[in-house]
Amino acid sequence: MDVSLILKIAGVGILVSCAASVLSKSGRDEQANLVTVAGVIVVMLMLVSEMGKLFDTVRAVFGF
């Protein structure tokens with residue numbers, strides 16, 4: 008796993024938390040929740056490719 012992936016995830020987290028707090032303080036709680044859910048989905052999509060690489064490596068190691 009590369010350090011850049013960790014930094015990307017942290018960046019998404021910072022942006023989502025800032026956007027959610029601004030939306031929440033302006034009275035738009037529903038949009039703040041949607042921004043949070045969208046941030047989680049973006050991070051999960053980033054991790055899916057890394058999980059695929061992990062499974063390929065496990066298959067190569069054990070010969071499946």
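Throughout, our numbering is defined as the position within the sequence shown, counted from one, plus 7. Don't be surprised by glycine CBs; every beta carbon is placed ideally from N, CA and C.
> Roughly how many angstroms lie between the CA atoms of Lys15 and Leu22, to the nearest whole one?
Replying inline: Their Cα atoms are separated by approximately 11 Å.
>> Please report the straight-line C-alpha distance between Phe69 and Asp63, rounded to a whole angstrom.
In response: Near 10 Å, if we compare the C-alpha coordinates of Asp63 and Phe69.
> What distance in whole Å lies between the Cβ atoms of Val10 and Val49, which are believed to be in contact at a cut-off of 8 Å?
Replying inline: About 19 Å; that fails the 8 Å criterion.
> Which of the three DSSP states, helix, strand or coil, is assigned to Gly34?
Replying inline: Gly34 sits in coil when the DSSP states are folded into three classes, being neither helix nor strand.
> Secondary structure at Asp63, three-state DSSP: helix, strand or coil?
Replying inline: Asp63: helix per DSSP, three-state reduction.
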